[in-house]
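**Student:**
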Amino acid sequence: MSRWWDDPAVIMAPEDLRRLDAMAALYPGWEITRRTDKTWAADRRCGLTQRQEDGGLVARLTAESLAELGRMLAEQERRATNGRLWLIAGPGVHPGRTA
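All you need for the working numbering is the position in the sequence shown, starting with 1, plus 715.
If you want it as structure tokens, here you go:
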């Protein structure tokens, strides 16, 4: 009997598959994959504007672990929504907007 970590045909551990499914559900705007060198990569599904790039957003992220990639994705999502939260907050929340 062989273990999954000794089997060369197995690319990802079963728990990594579950984590990958969870990350894909959390970040539908990103395509998350595991590369052959055992690192993780996330690519945006749509291109960035110049303004977004100037704001610190990137089109591709790479990390050694899925946890590190999750942290990087959360930071990118936070940066992407910083200027837009007032759109969903309602009247009186955005500075200068009263109605």
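The beta carbon of each residue, even a glycine, is placed where N, CA and C say it ideally should be.
Taking 8 Å as the cut-off, is the beta-carbon of Glu-783 closer than that to any non-hydrogen atom of the ligand SAH?
**Tutor:** In the structure on display, the ligand SAH does not appear, and there are no ligands present to speak of.
**Student:** Report the rounded CA-to-CA distance for Thr-751 versus Thr-764, giving the unit in angstroms.
**Tutor:** Here the question's residue 751 lines up with position 36 in the sequence shown. Here the question's residue 764 lines up with position 49 in the sequence shown. Cα to Cα, Thr-751 sits roughly 30 Å from Thr-764.
**Student:** Bridge partners of Leu-776, per DSSP?
**Tutor:** For this step, residue 776 is matched to residue 61 along the sequence shown. In DSSP, Leu-776 forms a bridge with Ala-757.
**Student:** What residue from Trp-755, Gly-770, Ser-780 has the CA that sits closest to Arg-793's CA?
**Tutor:** Within the sequence shown, residue 793 is the residue found at index 78, counting from 1. Of Trp-755, Gly-770, Ser-780, the residue nearest in Cα terms is Gly-770.
**Student:** Using a Cβ-Cβ cut-off of 7 Å (strictly less than) and excluding sequence neighbours within five positions of Ala-778, which residues of its own chain qualify?
**Tutor:** Taking the sequence shown and counting its residues from 1, one reaches residue 778 at position 63. Taken in chain order, the residues that qualify are Thr-754, Trp-755, Leu-784, Met-787.
**Student:** Indicate the three-state DSSP secondary structure (helix, strand or coil) for Thr-796 in the structure shown.
**Tutor:** Sequence index remark: in the sequence shown, residue 796 carries index 81 (1-based). Thr-796: helix per DSSP, three-state reduction.
**Student:** Under 6 Å Cβ to Cβ from Ala-774, same chain only, skipping five residues before and after it: list those, please.
**Tutor:** Start at 1 with the first residue of the sequence shown, and residue 774 comes out as number 59. Within the same chain, Ala-774 has close Cβ partners Arg-759, Leu-763.
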